[in-house]
Structure formats: structure tokens, C-alpha cells
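Enquirer: The sequence shown begins at 1 in full-length UniProt numbering and counts up by one.
Glycine included, each C-beta is placed from N, C-alpha and C at the ideal position.
Mind looking over this structure? Questions follow.
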Amino acid sequence: MRILLVEDNPSLAKSLSEALTQANFAVDCMHDGEAADHVLRTQEYSLVILDLGLPRLDGLEILRRLRARRNRVPVLILTAHGSLEDRVKGLNLGADDYLSKPFELDELEARARALIRRSQHHESADVVCGPLVFDGVERSFRLDGELLALTKRERAVLEVLILRGGRAINKEALSEKLFGIDESVRPDAIEIYVHRLRKKLEGSRVAIVTLRGLGYLLEEKADVAPPAG
């Protein structure tokens, strides 16, 4: 999943970006409020991690503008002192959660995953599509009870598809959810990952189908009735 991290402290931003990337998120990082506001007008993210004390435009104003555009992307606020006033202002403006500095990276990662799951209307950590089960805590898949061997990118594509809950997504939107602004991506990258996933799901009761004009959809296959004797 693609995350926007907005943090003006270079060393903290670097360490958070590295930790989130290690946790298999694609991370774009902005260091000032105006740059963050601009990118939020042009890019799509699964989550925004937003510091409040930013140069050029503060975090609360970024949040106010974001919600005024009716953008419902989950927002996790980082506060330096965790004051009640900051928390109340952020929540009233539409923030979904907050963390007070200092915090543990494990907690940040857990909260990020929970917010993304809830935004996709999945309250449970496990998401199911027929015999395919996604463990949102371990970020792993099981097919018919067996661990499914996936590369990092294959897992990311399959995660987006299963979290869509039966809604199709086109190739361009799927690519935007997976790759950061600065990443160089082959034009056929998504097609390659989908092809590999189809091979790994082959023979099971779940498949990735292509809907003309709509994109890719993960679905459970209907049971095929035996031929009449």
C-alpha cells in the first residue's frame, strides 16, 4: 500500500520511511506543508501520516484542505507533545488517529495497517475470498490452508485486490497504489504481476478476472454443477 509521510525532521523522516518500506509499504515523503498539500491534490494514497508542526503550511491546515476536497484517505497525526488541544483539533478536522512522539515503530505500523483495513471496511485482521485468506497482521496469504509463496510485489498486488472486497480496479489505479512517485516502473509491470498471481492461484476456487473497461477483480469461482447423467 502507498503511504504519504509528511515530516519536516530529516532524520526522523528517514528512519520512518525506511521502517515503513521494510514493512512493505511504498512511501512518498514530503518535508513541508505546501509540498504535501500539492501532492495530495494530484496523487492517491492509502494512508497519510501527518506531522502537525510543519514549515510553510501546518498539518492542521493540510488536513482541513484535504477534507474540504472530500478526500477521505485515512490520516494518522503525529504530535510532538500529545496535548489534548492538538488531538481535539485534529479529530474535529477529520483525522482518524494520532500518535504522540516519541512512539515505537511497531505501534506506528500496527496503527497504519488498522486504519487501512478500516478504510476498506475490514474490521478483522483476516480478509477472506473463498479459500484465500489474507492475514492483515502478518501480511501473508493462505490458499486452502497452505501458505502462499509470493514475492513482495505479488503480495502487494494481491493485498490491494482482496481488500477491494469484490470491486474492480483498473491498471493505472492499481499502479498508483503500489509505486512511489520516484520509482521507475515498467509499463507492463502490473500485467506481469497479475499473470504470475494467476498461475499461483490456478486450480483453486479463487481467480483474478479482467472486466472490460473496469480492470481487475479478485473473486471466488462459482461451483460448477456436474454434468447430468
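What does DSSP give as the partner residue(s) for residue 2 in the beta ladder?
Expert: Answer is 26.
Enquirer: Which whole-angstrom value is the C-beta distance of residue 109 and residue 51, which I expect to be below 8 Å?
Expert: Wrong, their Cβ atoms sit about 17 Å apart, outside the cutoff.
Enquirer: Assuming residue 216 is part of the beta strand (DSSP E), what are its boundary residues?
Expert: Counting along the chain, the beta strand (DSSP E) containing residue 216 begins and ends at 215-220.
Enquirer: Considering only residues of the same chain and omitting the five flanking positions on each side of residue 120, which have a CB-CB separation below 6 Å?
Expert: The residues are 163.
Enquirer: Quick one: what's got a C-beta closer than 7 Å to residue 95's C-beta in the same chain, skipping five residues either side?
Expert: Result list for residue 95: 63, 75 and 77, in chain order.
Enquirer: Strictly by DSSP, which residues pair up with residue 207?
Expert: DSSP lists 219 as partners of residue 207.
Enquirer: Would you grab the beta carbon distance between residue 105 and residue 207 for me? Rounded to a whole angstrom, and I think it's under 8 Å.
Expert: Rounded, the Cβ-Cβ distance is 37 Å, inconsistent with contact.
Enquirer: Less than 8 Å between C-beta atoms, sequence neighbours within five positions excluded: which residues of the same chain meet that for residue 10?
Expert: So the qualifying residues of the chain are 31.
Enquirer: In whole angstroms, give me the CA-to-CA distance for residue 227 and residue 205.
Expert: Model confidence at residue 227 stands at a pLDDT of 49, short of 50, so the residue's coordinates are unreliable and nothing is read from them.
Enquirer: For residue 140, report the span of its beta strand (DSSP E) as first-last.
Expert: It spans 140-143 - the beta strand (DSSP E) in which residue 140 sits, taken as one unbroken run.
Enquirer: Which first and last residues belong to the alpha helix (DSSP H) in which residue 126 is found?
Expert: Segment 126-129 is the beta strand (DSSP E) holding residue 126; no alpha helix (DSSP H) there.
Enquirer: Counting Cβ pairs closer than 8 Å, one from the stretch 128-140 and one from the stretch 150-166, do we hit at least three?
Expert: These segments touch.
Enquirer: What is the C-beta distance between residue 177 and residue 44, in whole angstroms, given that I count them as a contact (C-beta under 8 Å)?
Expert: Right, their Cβ atoms sit about 7 Å apart.
Enquirer: Based on DSSP bridge pairs, tell me the residues matched to residue 79.
Expert: In the DSSP output, where bridge partners are listed per residue, residue 79 has 100.
Enquirer: Given a threshold of 16 other Cβ atoms within 10 Å of its Cβ, counted over all protein chains shown, does residue 141 qualify as buried or as exposed?
Expert: Classification of residue 141: buried, given that the 10 Å Cβ count is 16 or more.
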